[in-house]
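Residue numbers (the UniProt record's numbering): 1 to 82.
Laid out in structure tokens, this is it:
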């Protein structure tokens, strides 16, 4: 291993963690929104609204907060395009 390998791993590890967290939050948000539609269809309005709110927060955190602000920003900075 060269001396740059630990530095590369130190850069890639947070990127990998943020990518996994963004995927989990986004998938959870989609699942919550789907469950919200199912509860709305069955007439459970309060559960549907609660799930819709939680789903929207999870989607916002996953797509915008982590994927766009953290992952994409790190990729652009490391590639020298920003």
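Built from N, CA and C at the ideal position, the CB exists for glycine as well.
Just so it is clear, the structure is predicted and the values come from calculations on it, not from any experiment.
Next on the checklist: Our contact map puts residue 18 next to residue 59 with C-beta atoms below 8 angstroms; I'd like the distance itself, whole angstroms only.
Outcome noted: Here residue 18 refers to the residue found at position 18 when the chain shown is read from its first residue. Here residue 59 refers to the residue found at position 59 when the chain shown is read from its first residue. At roughly 16 angstroms, the Cβ-Cβ gap does not stay under 8 angstroms, so residue 18 and residue 59 are not in contact.
Item to check | Boundaries (first-last residue) of the alpha helix (DSSP H) holding residue 71 | outcome: Translated into the one-based positions of the chain shown, residue 71 becomes position 71. Neither: residue 71 is in no alpha helix (DSSP H) and is coded neither H nor E.
Checklist entry - Given that a residue counts as buried once 16 or more other Cβ atoms are within 10 Å of its Cβ, and exposed if not, what is residue 55? => result Residue mapping note: residue 55 aligns to position 55 of the chain shown, counting from 1. By the neighbour-count rule (16 or more Cβ atoms within 10 Å), residue 55 is buried.
Checklist entry - Mind checking residue 80: buried by the 16 CB within 10 Å criterion, or exposed? => result Translated into positions along the chain shown, residue 80 becomes position 80. It counts as exposed.
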